[in-house]
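With my numbering, you'll find the sequence shown wraps up at 1763, consecutive numbering, no jumps.
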Amino acid sequence: MRPLPCPAIALLVLNSLAALGQPFQLPTPNRALFQSGAEEKYFAPTPGKTWTAGAFGCVRSDGHQLHEGIDILWTQRDKKGEPTDPVTAAAEGTVAYVNRKSGLSNYGNYLILRHRIDGLDICTLYAHLASIREDLQRGDKVKTGEKLGVMGRTTNTKTRIGAERAHLHFEIALVASDRYAAWHEANLKGLRNDHGNWNGRNLLGLDPRAVLLQQRAEGGKFSLLRFIQSQTELCRVLVRKTDFAFVRENRRLVRTNQATEKEGVAAYELVLNFNGVPCQLIPRAPSEVKGYAAKVHLLSVNDSEQKKHGCRKFLTQKNGKWALTPEALQHLDLLTD
């Protein structure tokens, strides 16, 4: 049995983060993330695996499957062995979506908050909840640290989540498109979408562990914008689109280009990390894209990053040359829809 967290310490941590003006706080009472060597107390592993399977990235199926969030272990249980940890808002924001029908998603009961942080359109997702506050509805404003629900183990997968593995699946993400529901209907025919624009496919996850640790290290100097811009580059792609939602909602990721200021924008160069997050958006002028007739063109690939983190299967080699896979083309189509 894990020791109960000290409420006074938890409150002190929350107040300290707020005082520093940091955007995120931990979403449960579990503080082991900030303890050296305590990963096994923080991350929930998959059956038969180590704690790393509960971290973010290419950590599932021997590195071939993406886990687009972190799984935070329980610290408190009732007499029946069920978790009682409160789940709280990691940042101030607005309720974007509430799913109280656990059978409709492998997330089980889940909730999404939308935030405006460093001028970016950011979401946090809280999944596998035992319960969600009954009064919470779409559009409600919530404050950092406000209770959202109770940790649980709800899911619709055949393999249930055992009581010992009870956890919060937590994501920090950007939104790919504000037209996801229509895009899904047109491009993923036959695949149900019970959640409109708030389907998990529409969220581009960042590593919450890395965000929270860097924020703690930098204190008030932490910038989520800078964190995203400094992500390791997987590849660069040119898209012959000039106006799409991701650009409009995340203008601060757009770099200046003197050529486009003179000639106008004919395309965008997207710098993508291994999860397909556009870390930088570079407008390109007509004179810069001559000879690029295709709607999408792969410009460069970071070979070492592809070898380390290739689980999204965005790239393949044909005759010794890198090429975008159908999965990558579909991802880019959604991003620029």
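We put the CB at the ideal spot given by N, CA and C, even for glycine.
Among the candidates the options, whose CA atom is the shortest distance from the CA of residue i?
i     : options                       : result
Q1640 : A1720, I1587 and F1653        : F1653
A1643 : F1460, D1604 and L1660        : F1460
L1760 : H1541, V1727, S1557 and V1722 : V1722
D1561 : N1745, L1537 and T1570        : L1537
A1607 : G1588, L1600, R1627 and E1590 : R1627
V1680 : E1689, G1690 and Y1694        : Y1694
H1541 : L1600, K1506 and H1493        : L1600
G1588 : K1506, H1735 and K1744        : K1506
D1733 : W1748, A1720, L1724 and A1719 : A small correction: the amino acid at residue 1733 is Lys; Asp does not occupy that position in the sequence shown. Residue W1748 is the option with its Cα nearest to K1733.
L1632 : Q1655, D1488 and S1487        : Q1655
Who are the Cβ neighbours of residue i in its own chain at under 6 Å, not counting the five residues just before and after it?
i     : result
T1550 : A1516, L1539 and I1598
E1518 : K1569 and T1570
S1557 : G1575 and V1576
A1436 : Note that A1436 scores a pLDDT of 45, beneath 50, so its modelled location is shaky and nothing firm can be said.
A1767 : The shown model of the chain, from 1427 to 1763, leaves out residue 1767, and the question about it has no answer.
I1548 : H1541
H1728 : Note that residue 1728 corresponds to Asn in the displayed sequence, not to His. Counting only Cβ-Cβ distances below 6 Å, and skipping sequence neighbours, we find E1659 and L1660.
L1750 : L1724
H1735 : C1484 and F1700
Roughly how many whole angstroms lie between the Cα atoms of residue i and residue j?
i     : j     : result
L1741 : P1752 : 9 Å
L1530 : N1683 : 45 Å
V1715 : N1619 : 37 Å
E1508 : A1592 : 8 Å
K1667 : L1630 : 20 Å
E1687 : P1712 : 11 Å
P1634 : G1463 : 18 Å
K1527 : K1467 : 29 Å
S1726 : C1661 : 5 Å
G1702 : I1708 : 16 Å
C1432 : N1676 : Any answer about C1432 is weak, because its pLDDT of 44 lies below 50 and its placement is not dependable; what the coordinates show is given next. Each residue's alpha carbon lies about 39 Å from the other.
G1746 : L1492 : 26 Å
L1614 : A1602 : 16 Å
Y1718 : G1645 : 44 Å
R1486 : N1623 : 26 Å
T1585 : N1525 : 20 Å
Q1563 : E1689 : 46 Å
A1720 : D1488 : 36 Å
Can you name, in chain order, every residue of its own chain whose Cβ lies under 8 Å from the Cβ of residue i, other than the five neighbours on each side?
i     : result
V1513 : P1453, T1454, Y1552, L1555, K1573, L1574, G1575, V1576, M1577 and L1594
H1490 : C1484 and C1737
D1511 : T1454, P1455, N1456, W1500, T1501, Q1502, V1576, M1577 and L1594
R1710 : L1664, N1683, A1685, T1686, V1691, A1692, A1693, Y1694 and E1695
D1504 : T1510
L1617 : H1610
Answer yes or no: do residue i and residue j have a C-beta to C-beta separation smaller than 8 Å?
i     : j     : result
G1545 : L1651 : yes
Y1523 : H1610 : no
E1659 : V1697 : yes
F1450 : V1637 : yes
F1648 : Q1448 : yes
F1700 : T1762 : no
N1535 : T1580 : yes
N1532 : T1472 : no
G1474 : V1521 : no
F1482 : I1496 : yes
D1705 : Q1657 : The sequence given here places Cys at residue 1705; Asp does not occur at that position. For C1705 and Q1657, yes; Cβs fall inside 8 Å.
W1477 : E1494 : no
Within a Cβ cutoff of 7 Å, which residues of the same chain sit near residue i, ignoring the five residues on either side of it in sequence?
i     : result
L1758 : V1663, V1665 and V1722
R1678 : D1544, G1545, L1546 and L1651
K1744 : none
K1567 : T1520
R1605 : A1671 and D1763
What are the partner residues of residue i, as DSSP defines its beta bridges?
i     : result
C1661 : L1698 and V1727
I1598 : T1550 and L1632
L1499 : H1593
Q1640 : Bridge partners of Q1640: none, in fact.
A1463 : In the sequence under discussion, the amino acid at residue 1463 is Gly, which differs from the Ala named in the question. In the DSSP output, where bridge partners are listed per residue, G1463 has none listed.
W1748 : Q1743
L1651 : According to DSSP, L1651 bridges with nothing at all.
Would you verify that the beta carbon of residue i is, or is not, closer than 8 Å to some beta carbon of chain D?
i     : result
F1672 : Absent from the structure: chain D. Only one protein chain is present.
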